[in-house]
Amino acid sequence: MTRPRHFLDLAENEPAVLRRLIDTALALKADPASLDDPAPLAGRTLAMIFEKPSTRTRVSFEVGMRSLGGDVIVLSPNDMQIGRGETIEDTARVLSRYVDAIMIRTFEADTLAALAEHATVPVINGLTGRSHPCQLMADVMTFEEHRGPIEDRVIAWSGDGNNVACSWIEAAAAFNFELRLACPPVLAPPAAIIERAERIGGRIALTEDPCEAVRGADCVVTDTWVSMGDDAEDHRHNVLAPYQVDERLMSRAKPDAIFMHCLPAHRGEEVTAGVIDGPQSVVWDEAENRLHAQKAILLWCLE
Ligand code: CP
Ligand code: NVA
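Numbering (numbering that gives the first Met the number 0), first residue to last: 0 to 302.
What follows is the structure, encoded as structure tokens:
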């Protein structure tokens, strides 16, 4: 049996496919009525499993699926037999008999992999502790709508080397931009993810110094200091405090640099209110673009 068109991680897709998805997302945003068929996913159902909370992912997938003519079912493990020990493999087999695609937000990357291995319908990664590829599709789209092609541009990350940082690393290799990450050594992204990106030509620089990462950058990005599933211990805040994106750090980037954050944000922690609510911030466009990027992903998975 041929493998369904899963959207699991950027590194698992051909760069040309990812490029096409961004172009489709930009076209859908410019003219939502540009599709030949106004309801290309009519009769199709997406099941969404959330092991962790969500605002953007949940609402943007639901609205996106409906605007393409399809339907959604939102599932919480507490209401499913997974919560009582049914395996993810059996869940994958059963859901595949009812729905046309499955999106999952889960803790372990292994859970996503097991779901994808045993599902006979496309599986979409709605965030794991290891990655957040749908977010990165929206982020690349957002950069390009504000600043043009991302190829050869410089993106700086300051903060925790978390799941979103890992997907930025994979995006740098796929879209051929330079990524500079400033992270405390104890919270650096896994070396294996950086090495894999570098092996396929990714230009990744890892430093402890946020000023060095941000100097002359076209875009500055950060994310929460405490991701879902992390212990909110004091030491995370202490080691991450020097990585806060404030006005002083932003001033070291290019004068027209943009600021991005996947949200939810914590003003006064990873970013100051002056930056996230200031003129360089594009976070609301970034949140909106989840919708357009995921419509492109849904169309590709279910084509
Ligand atoms: N950025 C993002 O994935 O937000 P949610 O957790 O609200 O889905
Ligand atoms: N790194 C954050 C992203 C939330 C969208 C988390 O995993 O909680």
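Ideal Cβ placement from N, Cα and C applies to all residues, glycine included.
Everything numeric in this text was worked out from a predicted model, so none of it was measured.
Next item on the list: Measure the alpha-carbon distance for GLY160 versus HIS234 and round it to whole angstroms.
Entry: 15 Å
Margin query: Between which two residues does the beta strand (DSSP E) holding CYS300 run?
Written below: Counting along the chain, CYS300 falls outside any beta strand (DSSP E), though it belongs to the alpha helix (DSSP H) covering 282–301.
Notebook entry, point to check: Leaving out five residues before and five after ALA196 in sequence, what residues of the same chain have Cβ atoms less than 7 Å from its Cβ?
Noted result: ILE168, GLU169, ALA171, ALA172 and ILE203
Checklist line | Where ILE257 falls: helix, strand or coil (DSSP) | finding: ILE257 falls in the strand class under three-state DSSP.
Notebook entry, point to check: To the nearest angstrom, how far is it from the Cα of ARG289 to the Cα of CYS300?
Noted result: 16 Å
Note to self: Let me make sure I understand the geometry here. Which of GLU13, ARG179 and SER53 has the alpha-carbon closest to that of ALA155?
What the structure shows: ARG179
Checklist line | Residues that DSSP places opposite THR44 in a beta bridge | finding: ASP70
Item checked: For VAL220 and GLN243, the rounded distance between their alpha carbons -> 10 Å
Check: What do you reckon, are the CB atoms on ASP138 and GLU13 nearer than 8 Å?
Finding: no
Check: Between the C-alpha atoms of ALA212 and ALA272, what's the straight-line distance to the nearest angstrom?
Finding: 21 Å
Margin query: Quick check: the Cα distance between LYS28 and ALA190, rounded to an integer number of angstroms?
Written below: Rounded to the nearest whole angstrom, the CA to CA distance from LYS28 to ALA190 is 36 Å.
Checklist line | Closest Cα partner of ALA113 within the set GLU144, GLU207, ALA91 and CYS182 | finding: ALA91
Next item on the list: Leaving aside the five residues before and after CYS133 along the sequence, list all residues of the same chain whose C-beta is less than 8 Å from its C-beta, in chain order.
Entry: PHE6, THR56, ILE123, ASN124, GLY125, LEU126, ARG289, ALA292, GLN293 and ILE296
Next item on the list: Evaluate the contact criterion for the stretch 33–45 versus the stretch 62–81: three or more CB pairs, one atom per stretch, below 8 Å.
Entry: yes
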